[in-house]
Structure formats: C-alpha cells, structure tokens
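Just below is one structure, and these are the notes that go with it.
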Amino acid sequence: MKFADEFRDRDKAATLVREIEKLCDQIEVTKQRPLNIMEVCGGHTHSIFRYGSEGMLPPGIELVHGPGCPVCVLPMGRVDDCVAIAEQPGVIFTTFGDAMRVPGSRKSLMQAKADGADVRMVYSPMDALALARKNPDREVVFFGLGFETTMPSTALTVLQAEADGIENFSVFCNHITIVPTIKAILDSPDLHLDGFLGPGHVSMVIGTAPYEFIANFYRRPMVVAGFEPLDVLQSIWMILKQIKEGRAEIENQYTRIVPEAGNDPALAAVAKVYELREFFEWRGLGSIDHSGVRVRDEYARFDAERKFAIPNIKIADPKSCQCGEVLKGVLKPWQCKVFCTLCTPETPLGALMVSPEGACAAYYQYGGVKRQERPETVPAAP
Amino acid sequence: MNVMSPPPRKLGRIHVPAVTLAHGGGGKAMKDLIDDVFVTAFASAEPQALEDQARIDLAALAAQGDRLAFTTDSFVVDPLFFPGGDIGKLAVFGTVNDLAVGGAKPLYLSCAVVIEEGMKIDELRRIAQSMAAAARRAGVAIVTGDTKVVQRGACDKLFITTTGVGVIPASIDLAIGAIRPGDGILVNGLLGDHGAAILAARGDLALETEIESDCAPLHGLIDTILEAAPGTRTIRDATRGGIATVLNEMAEASGVAIEIEEAATPLREEVRGFCEILGLDPLYLANEGKIVIAVPPAEIDAALAAMREHPHGACAMLIGHAYAGEAGRVTMKTTFGGKRIVDMLVGEQLPRIC
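Chains L and Z are the protein sequences, given in the same order. Per UniProt numbering: the first sequence ends with 382, consecutive numbering throughout. Per UniProt numbering: the second sequence ends with 354, consecutive numbering throughout.
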C-alpha cells in the first residue's frame, strides 16, 4: 500500500531501535529510573499497540498514555445529555461510531438506540447535515466531539447550514482543546514526565507555536509526531536526542502534514463559530479552565445546548474507576483495581475501556506484551 | 440428481408485483407465492417434494458415513444483493460450509423465509433462483421449507434460515480441541473480502471499491485437503468475527497458544486500503469462503500444496503455528517487527473518530 508501507518498514525500524538504545544508554538518569514519555494523543496510543512498538523499546523508556482520546475524557453527565436529546421526539441524533458505547449514568447511546431513540452513526458532520436536508420535518443533532482535529469540520458544517438556510440542524458541542490540558498535566504534582510526543493531527490545525510554553516554561522537550510506527519511533529518538543534549524544544517530526503555522482557513472557521468556555469537565481529570469551546451567540440556533432542554447534571465517576490516574500516567491500565475484572470492553466502567484509542481498551485488545508480562513469563513462540 | 423435472401437480402463479400479508395467510395467495417463487426454483427429481416433511432414506445415508452432521444458520444480510452474491447464495453456501468444515458431505438443506410485506416478487424470485443455482453448484438438494410474511417494520425485507444435513465418513475425525504445539495454521486465501464488500455495498461510506464477496462452497476444497493431509486436526470457516475469532476459539479449545505472522496474512491491497481508511482490522472482517485449518507439522507442505491447486485455495498461506504457551493466547508478529495480542472482538467493529 503506497504511502503507508514506507512508514512501516521493518529494517528501518530495527535501525531506529538500535539508535534509540544507544541514546538511552548515554542518558545517565536511565540507570536509576526509566524516562517517562507521554504520547498525548489517542491516535498514537492506538498505533503503538497495533504495531507492537512498545515492546521494541529498551526498558529505559516508559510510554505514558495521555489524555488525548476525546471519547475517553467525556464525562458521564455529557453522555446523559446526549441520551436526553436523542430521546426527544422528532430528533435524529448523529454521532461518530466510537461515542456510541460510552457509558452514561443511565445508558449509553447504543442502549438508547435499542430502546427506540433514532441514533445514527455518521462518518462526518456533513453526513448529518445531509440527513437534515433529507428530513426537513425532523431535528438532526450532530454530536460534536474531539480536539482541534475535528473542530474545523463541525464549524464549517455550521457555516454551511447557515449558508443553505437549514434550520433543523444543530451541533451538541463537546469540543475540547489540548493545550490547557497538557498544562494541567504538567502542573500535576504526582507526575514526572521527561518529554512529550505531540499530537500530529491537532497540530495540523493549530501549528506548533501553542506548545512553546512546554519548552520555555516547563523545560520539557516535545516532538510533534506522525501516526505511522516509524513516525513514532523517530519522534522518540528525537526526544531522547534533545534530552541527551540538554535541550528542551518543540520539534516537528510530522512535517509532511503539519505546517508550523497551522491551517489558517480551519482556524478562522473555528474562531468564527466557537468561543472558549470558562471551564470544561473532563472525565478523570476534573474541571480544567478554558479547555472546551461552545457555539457563539451568533450561531445560537445551531447550538443543541440552547435548542433542547438538557439535564446538564454533573455525575461523579464511579468510585472504583481509576481512569484519572491512568490518564495522568500515574497508574498503568492493569494496575487499576477494576481492569479486566469489573471493567472490560463489553461492560466498560471507565471511558478508557470504551474507545480503541483508550489506553485500557488498547491494553485489553492488543495486550501490553512488554509490560504486563516481562519475558520471564512470556513463553517464546517458535 | 438435481435435474429439473416438472413437479407432479399444477403450480400456482402469482400476479401481483409485491408481497402482501395475504401471502402469509395460509390460503391460495400463499400457495401461489410458494409455487411460483420457491417450488419452481427448487424443483428436483425427488418425487414427494410437497409433503409436509422431506423423507430421506436412512440406508442411503448410512452407506456414506457413520455420523450425521446437522447444522442451522440464519441470514439477515443488508443489502440483499451485493457484489459477489446475494442473501440466497449466502444462505446456501453458509450452511454447506458449516457442514463441510466438520468433514461432512453436505446433502440436504431446508429453507425457511420470513418476508416483510412490500418485498418485490421479482427480487424474491431472483433470490430463490440464486439459492437454486447455489444448491446445484454445491451438489445439495433443498428439500423442505417454510414461508412467513410479517408486516412492514417487523423484519428487514427478508430473513432466511437454512438447516443442513450431511454425512461424515467414518475415516474423518476433526475436532477443534485437537491442535497440538507445532501444528501449522493455514488459511485458503485473501481475507476480509466479504466484510469489506458488504460495508461498501451499504453505500453510506461514500467509498467506491471493486471488492466482491468471497462467498463460495468449500466442501470440494476440504475434500482435497483431507486427502492430502489426513492428519488435519480441525477446520473452521472464518465468517463473522473473522480469523481472529476462529484463532481464539482454536487456541482456547486446544489449550495452546497461537502466533501468526502479519507478513504471511493474505490480504487484497484494496481490502488493506479499505481497512486503513475506516480504522478497521481485517483480522476481524467477515469471510464467506475462507477457512482456517490446523495441520500437524509433517503435513503442512502437503496441505498447502493441495490447497493452492484448488480454485478456492490459490492464495493459501501458512500464517502461523500453535505452540505450548499460555492456553488461549493468540499473538501476531507485526510486519513492523513488534508483537501484539489478537483478542476476540468485543461487540461490533466501530470506526475510530480521529
């Protein structure tokens, strides 16, 4: 497969792993403890598990799976709001697929669908707009979810709806922004991180400048990384090189996609439709200032939060669920009290078990072959 | 034996374009529907085709083996027609394959249909004819059936249930729990075509592909394999849940671990691309003409060679081995040089959002 296989080359991977091992040996601190490198984005978590990259790294490197899975950090109360909207008569509730199974306090969207709500899976907000066009007597609501990666597409869909005079379409906006969250993680006292793999697709929209504070203020290196397994390995190598040379900079490994200055038309559409919320509630991480956006007053008629009565009740995460600690990288997924016992992908307690980008689901599905059982308990395959 | 011959009575004819509830009422309308659509298509040389039950000669069955194989499956595929097949063809080959993977010679099928009112008679006729053609190709007879009509919304256009009967020769003893460490794990060709074809045919992905369902009867291929590799431990068809599910069932039932090589897993470039775009894992995509077999080490080469000579096994590959590891564990060596667990699928495969 062109433009994919080139980034999955086994020999190049082996060379990179050797170089990473060499660098790791030259970094003094790895003799006392492993370097903690957080991949912020769920896309990286998925790629790391899918290709088994984690198991190829030397023991001096510990990957910490960060909060960058928008489905995982969605608080239960917001799912309840979705269900409440979906259950109103006349509503067609549209959503990306992986949000369907996120547990609410009463039910998930998938259960609401089974109970008779008209919940439909779409691949793009434009599909939802097309549904609105086709069903003028119904209210079509799109579940806007995700970081800056998906924000422009919902913003442009709202602008399109306005241009076409479509009044039966609205967005239930749960878009969140990554930068305040990285800051909150860096301020967290129980966590020591040595570097970051930066989110590739978010950066495609926002560019690399918003991360400068990580290098300048917190003195941590970040490398904006692509999602193919060689991208990830090369980015880890770049982080180690910075650490070894005593540098803390924002570097861009994903230059084939990410322009340093971001994408102006996308940013303009986002700025036109959305404004920052004072704070937004994150599952496991609590309330983070300025970490979410809402629809501006000018577009109020496309805002499902204003169009429908929603319960808007804050629901505490289940007590036994330790998603927060896992999200911050304090606990490994299998160290959570309910991992694989009460919390499984079939009956997820915590959101990290729901999406394939969630660290727990990724461990469950693809297995932490490296961490969960070190070689002494993993029998060799022939 | 399946030569068409005129049935022994005057057949009813249907004169309306679509099925209504009247066609399920048990009266003349129903008789007309059954006669015109099903009996005409399935007519065989068997003389008492219109009794309430098929009557099968026991002595003739017993002469072919020492165990009866008996299986049933329901088919609810959407859309009814898709590249490479339709629900009727699927309903015949699916049940034929469920018999064949046990080593049985498939002989007789039943066909029960649940029809949603409003279904076009022409479509129904096409499906019945497709079933008849598939049965002829597989060398089985459809000998009994049932027709129900339900009101709009109570089912989605058409559901078909086929039950199959076959005979297992005394010399064959396949068992899913029989896999031993060192056994080779083989597949008969390109994986995931059916799942990808169906998803694409639903038309809500705005993706154009040429991928066709691999829907095919596999008992001929299985005969060839068992002749070349009589020590074959077990054979499974990798339908819903894909080969990942079958491998997990095999590892668990046999108390072994299985490791496969991503590089040896045969995939059409188009299916790889399709999965890449949608965030799907081809190991979990459904197949309708693919089997996974476990063969003792000494017979791997013979089994592979025999498969590759058969039209349904031209792209056969040795994809991995069983070994004495943690019982039930399935892992894959990735082309990238890493290793990951291949678990059972939880629920439906949902596409990722970013």
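For each residue, glycine too, the CB sits at the ideal point set by N, CA and C. Just so you know, these numbers come straight off a predicted model, no measurement behind them.
- Secondary structure of Asp194/L (DSSP, three-state): coil.
- Here the C-alpha atom of Leu276/L lies approximately 47 Å from the C-alpha atom of Arg329/Z.
- Secondary structure at Pro17/Z: coil, using DSSP grouped into helix, strand and coil.
- Ser213/Z and Leu199/Z have their C-alpha atoms roughly 11 Å apart.
- In this structure, Leu16/L is the residue among Asp11/L, Leu16/L, Phe3/L and Glu6/L with its C-alpha nearest to the C-alpha of Ser235/L.
- Measuring C-alpha to C-alpha distances from Ile214/L to each of Arg247/L, Arg18/L and Phe227/L identifies Arg247/L as the nearest.
- Within the stretch 158-180 of chain L, no residue has its Cβ closer than 8 Å to any Cβ of chain Z.
- By the rule that beta-carbons nearer than 7 Å mark a contact, Val295/Z does not touch chain L.
- A distance of 7 Å or more separates the beta carbons of Val292/Z and Val342/Z.
- Leaving aside the five residues that flank Lys307/L on each side, the residues in its chain whose CB is nearer than 6 Å to its CB run, in chain order, Ser170.
- Against chain Z, the CB of Pro229/L has a partner CB under 7 Å away; the residue lies at that interface.
- The shortest C-alpha to C-alpha distance from Gly350/L to any of Asp137/L, Cys41/L, Trp282/L and Ala304/L is the one to Trp282/L.
- Where Thr245/Z is concerned, the enclosing alpha helix (DSSP H) starts and stops at Gly242 to Ser254.
- Check the Cα spacing between Thr95/Z and each of Tyr108/Z, Asp86/Z and Pro83/Z: the tightest is with Tyr108/Z.
- Note that the stretch 58-66 of chain Z does not touch the stretch 250-257 of chain Z; fewer than 3 beta-carbon pairs, one per stretch, sit closer than 8 Å.
- Taking 4 residues as the minimum length, the alpha helix (DSSP H) runs contained wholly in the UniProt domain "PurM-like N-terminal" (58-168) of chain Z are 58-62, 87-100 and 121-138, in order along the chain.
- Counting of Cβ neighbours within 10 angstroms places Leu156/L among the buried residues, the total reaching 16 or more.
- Distance from the CA of Ser291/L to the CA of Glu278/L, rounded to the nearest whole angstrom, comes to 8 Å.
- No residue range can be given for Leu74/L, since it is assigned to no beta strand (DSSP E) and is classified by DSSP as neither H nor E.
- By the CB criterion at 7 Å, Gly207/L and Glu249/L fall outside the cutoff.
- Proximity of chain Z to Phe339/L at the Cβ level (cut-off 7 Å) is not reached, the minimal Cβ distance being about 14 Å.
- The alpha carbon of Ala18/Z has as its nearest neighbour, out of Ala264/Z, Asp146/Z, His194/Z and Glu123/Z, the alpha carbon of Glu123/Z.
- Runs of beta strand (DSSP E) with 3 or more residues, each lying fully within the stretch 34-96 of chain L, are found at 35-41, 61-68 and 91-95, listed in chain order.
- The straight-line gap separating the alpha-carbon atoms of Glu117/Z and Gly192/Z is approximately 33 Å.
- Using a Cβ-Cβ cut-off of 9 Å, Gly55/L is close to Gly338, Lys339 and Arg340 of chain Z, given in chain order.
- Contact note: Met1/L reaches chain Z through Glu269, Arg272, Gly273 and Glu276, using a C-beta cutoff of 9 Å and chain order.
- In terms of Cβ geometry, Pro345/L and Tyr363/L do not form a close pair [threshold 7 Å].
- DSSP places Val338/L in the coil class of the three-state scheme, outside both helix and strand.
- For Ala303/Z, the CB contacts under 8 Å within the same chain, skipping 5 residues up- and downstream, are Gly184, Leu186, Ile225, Ala228, Ala229, Thr232, Ile293 and Val295 in chain order.
- Within chain L, the residues Tyr364, Gln365, Tyr366 and Gly367 have their CB atoms less than 8 Å from the CB of Asp343/Z, given in chain order.
- Proximity of chain Z to Arg10/L at the Cβ level (cut-off 8 Å) is accounted for by Thr335, Phe336 and Gly337, in chain order.
- Going by DSSP, Asn216/L is part of no beta strand (DSSP E) but of the alpha helix (DSSP H) stretching over Glu212 to Asn216.
- Every beta strand (DSSP E) of 3 residues or more that sits fully in the stretch 279-347 of chain L is shown, in chain order, as 279-282, 286-289 and 293-295.
- Residue burial is scored here from C-beta neighbours: Pro75/L has at least 16 other C-beta atoms within 10 angstroms and is therefore classed as buried.
- Closest by C-alpha distance to Asp156/Z, out of Val76/Z, Leu285/Z and Gly103/Z, is Val76/Z.
- A residue is called buried once 16 or more other Cβ atoms fall within 10 Å of its Cβ, and Asn97/Z is buried on that count.
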